[in-house]
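Report on the structure given below.
In the UniProt record's numbering, the protein residues as written are 1 to 559.
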């Protein structure tokens with residue numbers, strides 16, 4: 001049965017994440033949103049700025065005050081604590097939760113502190129007795145990470161390793177409470193599983209490198225993820241018996257700031273200082289001053305293990321978020337639970353971490369409202385597939401049939417068609433074209449392309465009216481992971497394969513000359529794509545740069 005109306009109190013409702021949760025929910029007319037915080041003026045201003053179909057009421061409430069008395073007056077059906085930080089919740093960390101349970105009010109929070117999220121289970125019996133739910137960690141970790149983990153499970157007889165990380169956009173300004181949380185565990189002991197044994201890592205000192213790359217999307221730049229004190233580290237061994245290794249981390253940009261904080265973390269590791277928490281305001285200020293880089297963020301969850309027949313299997317879930325959309329994600333777990341309640345699916349009574357409380361299917365329609373892309377990659381047991389099929393993974397299904405057929409071979413083959421060749425007229429353009437071996441300009445010439453496949457690479461020999469040039473394509477590795485590497489003589493171009501609107505677009509991400517990296521803004525880019533038209537494979541390749549102007553443009557068909 002659907003709920004008629006819910007009163008939802010968002011504590012920290014005008015803050016970084018509470019404010020975003022309010023924005024996500026304000027279109028729901030069956031809600032009354034109580035925007036709560038220590039400042040009634042700020043709550044009032046925020047509520048007035050919301051263009052809401054929900055009823056919105058600003059209220060004053062301090063988590064460190066008499067919360068039971070405040071809740072008794074406000075009478076919410078649900079409290080969402082988005083105020084944080086939860087790493088240092090004081091001597092009575094569950095005062096608010098206990099008050100909610102005593103008053104038969106349901107509770108959610110956006111906590112990401114291991115001890116707080118894991119410890120809420122101690123209130124399970126009381127919550128069950130009063131018939132309310134109290135879910136902790138309705139955030140990226142563990143609500144979304146566990147939803148992704150569950151989607152990755154099919155086909156595994158046993159999972160051996162789990163690694164996860166979040167990569168916020170450098171321009172999505174972190175709140176002070178987030179920086180306080182990070183500083184609270186920098187350099188300190190972080191319990192985790194490694195080599196099948198409980199061990200200790202060090203916050204912000206240990207790390208791994210990873211490229212976030214949803215299939216068919218432009219990847220984020222490869223970066224280092226520094227070990228974070230996330231609830232998953234405590235919850236994964238309970239959820240996956242026999243787990244051999246686990247990791248959760250954050251990969252912030254610009255990376256030099258993360259490394260700087262990691263160096264300061266060594267002061268804690270060596271016992272020179274007790275904590276970096278007193279420096280949190282300074283680090284927060286520095287992060288605001290150096291907020292440069294791509295305005296994109298992301299997240300990944302990667303698992304390895306064995307299938308029922310003992311074969312190795314590796315699978316990963318990836319997410320990228322453009323612009324200011326990423327910071328909405330940590331609030332979506334709570335949003336999914338609230339919308340589910342309104343739809344008649346209320347969580348069962350009890351107090352527990354939010355791991356498993358929401359599925360990836362619950363998240364998907366919420367993510368789809370934004371410039372957020374997700375997808376799953378499987379990198380094991382696919383060596384027999386063609387290069388492009390391996391690169392695109394699950395996004396292969398988005399290709400038009402003629403484009404897919406052109407890239408699906410694993411044997412040497414030749415296809416023929418017609419093309420128009422245009423050449424740039426500038427001196428540098430002519431020199432560059434000559435170095436690469438592009439043919440002369442012609443309006444209508446026969447063209448053939450030989451695809452020679454060997455060892456996972458493809459050698460393309462393009463012949464226009466008897467004039468040939470060659471390039472070698474392969475899968476990028478290391479920092480070029482999930483990018484197509486194409487070598488033209490001394491030049492290497494790294495390309496993202498992006499199926500979009502019936503076309504396969506080739507987006508240049510970086511390039512090199514004799515192995516030396518060159519500035520991206522000087523890269524020989526252009527509008528380059530493949531498509532199907534009139535049942536034929538058609539290509540449109542444009543190579544130009546700010547220095548040379550047009551180098552070459554060739555268009556045509558192959559069949």
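Think of the CB as a built atom: it goes at the ideal place given N, C-alpha and C, for glycine as much as any other residue.
Under 7 Å between C-beta atoms of residue i and residue j
{"i": "residue 213", "j": "residue 407", "result": "no"}
{"i": "residue 146", "j": "residue 82", "result": "no"}
{"i": "residue 261", "j": "residue 233", "result": "no"}
{"i": "residue 354", "j": "residue 106", "result": "no"}
{"i": "residue 417", "j": "residue 506", "result": "no"}
{"i": "residue 58", "j": "residue 47", "result": "yes"}
{"i": "residue 451", "j": "residue 462", "result": "no"}
{"i": "residue 73", "j": "residue 100", "result": "no"}
{"i": "residue 478", "j": "residue 494", "result": "no"}
{"i": "residue 436", "j": "residue 513", "result": "no"}
{"i": "residue 335", "j": "residue 24", "result": "yes"}
{"i": "residue 438", "j": "residue 303", "result": "no"}
{"i": "residue 265", "j": "residue 205", "result": "yes"}
{"i": "residue 54", "j": "residue 26", "result": "yes"}
{"i": "residue 441", "j": "residue 422", "result": "yes"}
{"i": "residue 40", "j": "residue 60", "result": "yes"}
{"i": "residue 143", "j": "residue 358", "result": "yes"}
{"i": "residue 6", "j": "residue 77", "result": "yes"}
{"i": "residue 299", "j": "residue 166", "result": "yes"}
{"i": "residue 169", "j": "residue 330", "result": "no"}
{"i": "residue 278", "j": "residue 114", "result": "no"}
{"i": "residue 36", "j": "residue 9", "result": "yes"}
{"i": "residue 504", "j": "residue 342", "result": "no"}
{"i": "residue 13", "j": "residue 158", "result": "no"}
{"i": "residue 378", "j": "residue 315", "result": "yes"}
{"i": "residue 132", "j": "residue 96", "result": "no"}
{"i": "residue 443", "j": "residue 420", "result": "yes"}
{"i": "residue 229", "j": "residue 203", "result": "yes"}
{"i": "residue 390", "j": "residue 320", "result": "no"}
Residue interval of the alpha helix (DSSP H) (run including residue i)
{"i": "residue 364", "result": "360 to 367"}
{"i": "residue 130", "result": "124 to 130"}
{"i": "residue 454", "result": "Here residue 454 belongs to no alpha helix (DSSP H); instead the beta strand (DSSP E) covers 442 to 454."}
{"i": "residue 332", "result": "332 to 342"}
{"i": "residue 148", "result": "145 to 152"}
{"i": "residue 283", "result": "280 to 289"}
{"i": "residue 268", "result": "255 to 269"}
{"i": "residue 391", "result": "387 to 392"}
{"i": "residue 235", "result": "232 to 239"}
First through last residue of the beta strand (DSSP E) which encompasses residue i
{"i": "residue 317", "result": "312 to 322"}
{"i": "residue 133", "result": "133 to 136"}
{"i": "residue 627", "result": "Beyond the ends of the chain as shown, which are 1 and 559, falls residue 627; an answer cannot be given."}
{"i": "residue 245", "result": "245 to 250"}
{"i": "residue 163", "result": "158 to 167"}
{"i": "residue 351", "result": "350 to 353"}
{"i": "residue 302", "result": "296 to 306"}
{"i": "residue 376", "result": "372 to 378"}
Assumed close pair residue i, residue j - CB separation to whole angstroms, cut-off 8 Å
{"i": "residue 94", "j": "residue 123", "result": "6 Å"}
{"i": "residue 70", "j": "residue 86", "result": "Incorrect: roughly 20 Å between the Cβ atoms, too far for contact."}
{"i": "residue 491", "j": "residue 460", "result": "Contact flag wrong, Cβ pair sits at about 14 Å."}
{"i": "residue 317", "j": "residue 152", "result": "6 Å"}
{"i": "residue 543", "j": "residue 556", "result": "Not confirmed; about 15 Å, so no contact."}
{"i": "residue 403", "j": "residue 449", "result": "Actually they do not touch by this definition, with Cβ atoms about 14 Å apart."}
{"i": "residue 20", "j": "residue 328", "result": "5 Å"}
{"i": "residue 485", "j": "residue 474", "result": "5 Å"}
{"i": "residue 280", "j": "residue 183", "result": "4 Å"}
{"i": "residue 196", "j": "residue 244", "result": "5 Å"}
{"i": "residue 313", "j": "residue 155", "result": "6 Å"}
Handout entry: At least three beta-carbon pairs within less than 8 Å, the segment 249 to 267 to the segment 205 to 225
Key = Counting C-beta pairs with one atom in each stretch, the segment 249 to 267 and the segment 205 to 225 have three or more that are closer than 8 Å, which means they touch.
Practice task
May I ask you to verify whether the segment 266 to 284 touches the segment 169 to 180, counting CB pairs closer than 8 Å and requiring at least 3?
Solution key: yes
Exercise for the section: List in chain order: all unbroken beta strand (DSSP E) runs of 3+ residues lying wholly within the UniProt domain "Saccharopine dehydrogenase NADP binding" (8 to 116). Expected result: 31 to 37, 55 to 60, 78 to 81, 106 to 109
Practice task
Taking only runs that begin and end inside the UniProt domain "DUF4166" (399 to 558), name each unbroken beta strand (DSSP E) of 3 or more residues, in chain order.
Solution key: Within the UniProt domain "DUF4166" (399 to 558), the complete beta strand (DSSP E) runs of at least 3 residues are 413 to 423, 442 to 454, 457 to 464, 467 to 475, 484 to 488, 491 to 500, 503 to 513, 516 to 518, 529 to 533, 536 to 545, 549 to 558.
Exercise for the section: Count the CB pairs spanning the segment 126 to 141 and the segment 368 to 387 that are closer than 8 Å, and state whether there are at least three. Expected result: no
Problem - Any alpha helix (DSSP H) of 4 or more consecutive residues that is wholly inside the segment 179 to 230 - result: none
Practice task
Please determine if the segment 421 to 431 and the segment 534 to 549 are in contact, where contact requires at least 3 C-beta pairs separated by less than 8 Å.
Solution key: yes
Handout entry: Sufficient close CB pairs (3 or more, under 8 Å) joining the segment 289 to 309 to the segment 184 to 200
Key = no
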